[in-house]
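Let me begin by presenting the structure, written as structure tokens, before commenting on it.
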Amino acid sequence: MTQLMKSSLLLFAAALLFSGCATIMHGTHQEIEVSSSPSGARVWVDNNEVGVSPLFVEVKRSDEHILRIELSGYQRAELTITKRMSGWLLADLVVPFAYLGLPIDLLSGALYTLTADKFFAELEKEDIG
0 MTQLMKSSLL LFAAALLFSG CATIMHGTHQ EIEVSSSPSG ARVWVDNNEV GVSPLFVEVK
60 RSDEHILRIE LSGYQRAELT ITKRMSGWLL ADLVVPFAYL GLPIDLLSGA LYTLTADKFF
120 AELEKEDIG
């Protein structure tokens, strides 16, 4: 075995050893599908405008998020997305030596999953009274 192959194998093994199951299997971000009726509404995530519906946004699993949809002439819609522990915690605890990656999963946020992966808003017209 050449020195390059040994080094590559060692690097790969270290990456696996020091990454938890959650980091490897589903990463630190989660994609959320955002749509509205009517479409073409402006979309914000955590007070940052990210585009126009329909769209997909990628957010960190480690944080809770507030999604907001606004369209002129319509009432705005808002959704708070919370986080919860994912099932990968069990894998970190059961799979031999996977527990070594548990701190990485916790610190990176990969150990969490968000409570929603879709947000559809049926926007209601504003009363102009």
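Just so it is clear: in the sequence shown, position 116 is 115 by numbering that gives the first Met the number 0, and no numbers are missing.
All residues carry an ideal CB built from backbone N, CA and C; glycine is no exception.
Here the structure is a predicted model, which means the values were calculated and not measured.
Expected contact under 8 Å - CB spacing of Arg129 and Thr114 to nearest Å:
Limits of the chain in this structure are 0 at one end and 128 at the other, which puts residue 129 out of reach.
7 Å CB neighbourhood of Tyr73 in its chain, flanking five on each side removed
Leu122, Glu123, Lys124 and Glu125
For Ile31, is the classification buried or exposed, using 16 other Cβ atoms within 10 angstroms of its Cβ as the cut-off for buried?
So Ile31 counts as buried.
Return no unless some Cβ of chain D is closer than 8 Å to the Cβ of His64.
The chain inventory of the structure shown lacks chain D, comprising one protein chain alone.
Burial state of Leu66, where buried means 16 or more other Cβ atoms lie within 10 Å:
buried
Could you work out which residue in Ala120, Ser107, Val56 and Met4 is closest to Ser69 when comparing CA atoms only?
Note that residue 69 is Glu in the sequence shown here, rather than Ser. Considering only alpha carbons, the answer is Ala120.
For Leu3, count the other beta carbons within 10 Å of its own beta carbon; 16 or more makes it buried, fewer makes it exposed. Which is it?
exposed
Just list the residues that DSSP pairs Ile65 with in beta bridges.
Thr79
Cβ-based burial, Phe118 [other Cβ within 10 Å; buried from 16]:
So Phe118 counts as buried.
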